[in-house]
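Position one of the sequence shown corresponds to residue 1 (UniProt numbering), numbered consecutively onward.
Quick notes on the structure that follows.
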Amino acid sequence: METYIYEAHNQNVSSNCLSPTRVQTLPSDLTYPKRYIYIMVLCLVLGEEVTDRFIFDISVEMWTSMKISHLRDGIKEKASLSVPAHKIKLWKVAIPTKDMNDEKMKILINKSHESINVKEELGGELLDAEDSISSKIENVPADNHIHIIVEPPSSPATTGKRKAENFYGRSQSDKREKREYPEETSNGRDRFMVLSVERKEIFTNYMENNRIGLLRSPPSSGKSTIGEYFRDYYNGIYISLSGIYDERKPTIKREEFDTFWKNKLDCTWEEISNCTEKTYLFVDEVQFIYGNRAQYFWEKVKDLQSNDGCNKNLWILFLGTYHPTLADNPTPIQITNTLGLNELLLTRNEFNLLVANIVQKYNDRSYFNIPNDVRDTIFNITNGHPGLCRFIMNWLHDHFREGTKSTSTAEILRSLASSSLRSSIVSTSRAFYWADGWSPNEKEADFIRTLLFICRDNEFYPVDLDSNSGVAKKFIKSGIIATDSTNGRMKFSAPITRIVLSHRLFTSSLANSPTTNFEDFLTRTIERFCPTKLANSLGKGKGNDSNLFERTWLMEWYRSATTVVPIGATISADVGPVFNSKGFLDFYVNGNYSWGIELLREGDKLQEHANRFLTNGIYSDIPLNQWAVLDFRCHSKEVRDPKHNFWYVCYSDDYRRFTIKRRGQADKIL
């Protein structure tokens, strides 16, 4: 079970929708109006002005399933309290905010909060950590009332704040620092951040067990957001090194390095590294100083890693796009236990909450919604990649502002396989900055093609790096490929990355008059095969099975098909997840065509391919107007009992002659 720490807009829950006497689950369609999504409680932190009270939104799932301890965690984060959550007391109260003559309100306004007895003077009920939220918080809290008093520990010495000589220059008596975050931003923390308690514990456990650690992940995957979040959680220090390095200079001078830190933090790296109080430091964009660009910095880090040089008051988490071992020059430290992309990916429940918050952002002004099937598709093609999830949902709003009121779910689904979305992602998403002017050489293209056929799902796969280490490093550093944090296996940063790369690597110039007829389209794809490429291909077996491999046929067919695809349509590879299918359909032509094409060779697993298109098959969720299976087989291999929708393409030894055999039709020779 997951609970959540997140920031959202103020929302209500209708009295019809929940009953505190029975457990209810989160509605399956989170596009309901806002009154169905959250329970709204008004909170005040003792020591704050009464006018500083704030709303905390309790999700329906949290209300029905979680404990007061989880509520306390969430309120701590919303209020930006720097003290440990378990030191905070929550009091249930009922104090009217509009009646200035109310005795309890007078006490809050006129009396020193340090001297207030919440139980006796404000009628407070202490909420125990183990109590369920639904047993203590009504599903429809009274309007215009303070519902919860938040009481931090009375002794400032226990809060972990800096002393007068600290890096922020604040005294112990200073009020806690309050940070305001934008509603939404493409870089760093904002109010839409969603983080489950379970995933939060992954990071806190890692920090406590690794005094010097590394989170490395591709751009736009949420590193900065996590860094800023835990900066606030630990009342720590955050710095981004973006802009510190001038490519025209091989190294960064020590005085320039110190000036950069001083301007950002009012203190130097040396002062922080020698801290005498418990300090958590988060260094973002650390890849800018890998190698020998700031040797003095890494020498100090190496010293901090040693038994003699360890500072027991200091914890450091570096955040970068890749591991320092991939730098052009060696970085003199070793960090073996790291966090990676997997720890940043949203879980499905976190994704659902993000969808609810983004939909709510818009539906005060429109009927925008995201149907369940579309949500499934977004999650499948992004695998929960935070930056891409947000990008696609905002793109959908730009194109379908009235949601399913004016557009069918099927049309919205088709748009997710469109060239329009693909072009927008490539041109404007930070996750695809590498695609601008990308022109791979032959070795790079071969490496990516190989990876496309190895990595066909969201799992990490071992890749032979003996002859491709330089190429692999380049793609890892750019963010195209993510590596496992433990054993170096690889996968694409998101499933949609595969789609973009497939189009880049397998597309040729368009024919003069592309057809809109499915059978003509298939025929032309075969006509435009390049016999020389097939004959010279090394993608074939040995001995008794010296025929071309299936992936060789796939690559050549895809290249050819992109030259005859109908105007306005695009052809995509492995689109199964886009339509929430369990399988990976080889090729799909979108638009109004909705054509599906599957390839096999030499009759291998023929019946299995046929079953995939049946009513209960793994492709049954894909909206197909027409489909076909192309079976490429040597001319000497006989076709027995031809099946409907199968094209048996028999090729000559030199690949210059193809005979198409189909059930109930005369043979066609190309």
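Using N, Cα and C, we set each Cβ at its ideal position, and we do this for glycine too.
I think residue i touches residue j, with their Cβ atoms under 8 angstroms apart; what is that distance to the nearest whole Å?
i	j	result
L265	I289	Incorrect: roughly 16 angstroms between the Cβ atoms, too far for contact.
L319	L304	The pair is not a contact, with the Cβ atoms about 17 angstroms apart (cut-off 8 angstroms).
L452	V463	Actually they do not touch by this definition, with Cβ atoms about 12 angstroms apart.
T251	W298	Their Cβ separation, rounded to whole angstroms, is 12 angstroms, which puts T251 and W298 out of contact at 8 angstroms.
L90	I68	6 angstroms
N625	Y593	7 angstroms
residue 709	D232	The chain is shown only over 1 to 670; residue 709 falls outside these bounds and no answer can be derived.
R601	W647	Not confirmed; about 13 angstroms, so no contact.
N590	R414	5 angstroms
R430	Y461	Their Cβ separation, rounded to whole angstroms, is 26 angstroms, which puts R430 and Y461 out of contact at 8 angstroms.
Quick one, are the C-beta atoms of residue i and residue j less than 8 angstroms apart?
i	j	result
Y362	H397	yes
residue 677	I381	Because the chain spans 1 through 670 in this model, residue 677 falls outside it and cannot be assessed.
L670	I526	yes
M62	I133	yes
T150	V45	It should be noted that the sequence gives Val, not Thr, for residue 150. A contact, by the Cβ cut-off of 8 angstroms.
D574	R498	yes
L122	I95	yes
Y588	A417	yes
K92	G124	yes
L42	I137	no
N383	L421	no
F584	T377	no
L353	S59	yes
A666	K643	no
Tell me which residue opens and which closes the alpha helix (DSSP H) that residue i is part of.
i	result
Q334	Segment: none, Q334 is in no alpha helix (DSSP H) and carries neither H nor E.
Y362	348-362
residue 685	What is shown of the chain runs 1 to 670, which leaves residue 685 out entirely.
E256	254-265
F379	372-382
T615	From DSSP, T615 is part of no alpha helix (DSSP H); its letter is neither H nor E.
E77	68-78
R199	197-209
Out of the options, which one is the CA nearest neighbour of residue i?
i	options	result
Y322	A410, S217, G387, A445	S217
I448	L416, F475, F613, I370	F475
residue 678	K443, V359, T515, S420	Here the chain covers residues 1 to 670 and nothing more, so residue 678 does not appear.
E201	H70, D52, S560	H70
V355	A142, R640, L388, V118	L388
D258	E247, S273, I480, E556	S273
S636	V500, F260, T659, I481	T659
E103	K92, E114, K87, E120	E120
Q287	H86, H399, Y245	Y245
G603	V649, I622, C310, F587	V649
S224	Y233, I239, N235	I239
M193	T377, Y234, E350, N616	E350
T532	F549, D545, E556, H609	E556
L281	N611, I370, I622, E228	E228
H385	E444, K312, F492, V301	F492
P141	R248, K87, I55	I55
S619	P642, S429, E608, S581	Correcting the residue type first, residue 619 is Tyr in the shown sequence and not Ser. Y619 has its Cα closest to that of S581, out of P642, S429, E608, S581.
L317	A327, M207, L353, A431	M207
N517	R559, K87, K477, A569	A569
I75	S65, I88, T64	I88
R199	H644, K405, R348	R348
G470	I454, A610, E444	E444
E638	F379, K661, C275	K661
E130	M100, M66, I107, S112	M66
So residue i is in the beta strand (DSSP E); what residue range does that whole segment cover?
i	result
W434	Where W434 is concerned, there is no enclosing beta strand (DSSP E), given that its DSSP letter is neither H nor E.
M40	38-45
Q626	626-634
F490	Note on identity: in this sequence residue 490 is Met, with Phe being the wrong assignment. Start and end: 490-492.
G320	314-320
P96	89-96
D57	54-59
T225	No beta strand (DSSP E) holds T225; the alpha helix (DSSP H) holding it covers 223-233.
I597	595-601
F646	646-651
Is the closest heavy atom of the ligand GDP to the C-beta of residue i under 7 angstroms?
i	result
E255	Looking at this structure, you won't find the ligand GDP or any other ligand, since it has none at all.
Are three or more beta carbon pairs between the stretch 381-393 and the stretch 553-568 nearer than 8 angstroms?
The answer is no - the stretch 553-568 does not touch the stretch 381-393, with fewer than three Cβ pairs under 8 angstroms.
Would you check if there are 3 or more beta carbon pairs closer than 8 angstroms linking the stretch 333-351 to the stretch 526-544?
In the pairwise beta carbon analysis, the stretch 333-351 is classified as not touching the stretch 526-544: fewer than three pairs are separated by under 8 angstroms.
Indicate whether the contact test is met: 3 or more Cβ pairs, each with one atom in the stretch 286-303 and one in the stretch 428-446, closer than 8 angstroms.
With the rule of 3 Cβ pairs closer than 8 angstroms, the stretch 286-303 does not count as touching the stretch 428-446.
Count the C-beta pairs between the stretch 582-602 and the stretch 623-636 that are closer than 8 angstroms, then say yes if the count reaches three, no if not.
Because the criterion of three Cβ pairs below 8 angstroms is met, the stretch 582-602 and the stretch 623-636 touch.
Taking contact to mean at least 3 C-beta pairs separated by less than 8 angstroms, is the stretch 264-281 in contact with the stretch 219-227?
As far as the Cβ criterion goes, the stretch 264-281 does not touch the stretch 219-227, which means the pair count is below three.
Contact the stretch 322-336 vs the stretch 202-217: 3+ CB pairs below 8 angstroms:
For the pair of segments examined, the stretch 322-336 was found to touch the stretch 202-217: the number of CB pairs separated by less than 8 angstroms reaches three.
Touch check for the stretch 516-530 and the stretch 409-424: three-plus C-beta pairs under 8 angstroms?
Counting C-beta pairs with one atom in each stretch, the stretch 516-530 and the stretch 409-424 have fewer than three that are closer than 8 angstroms, which means they do not touch.
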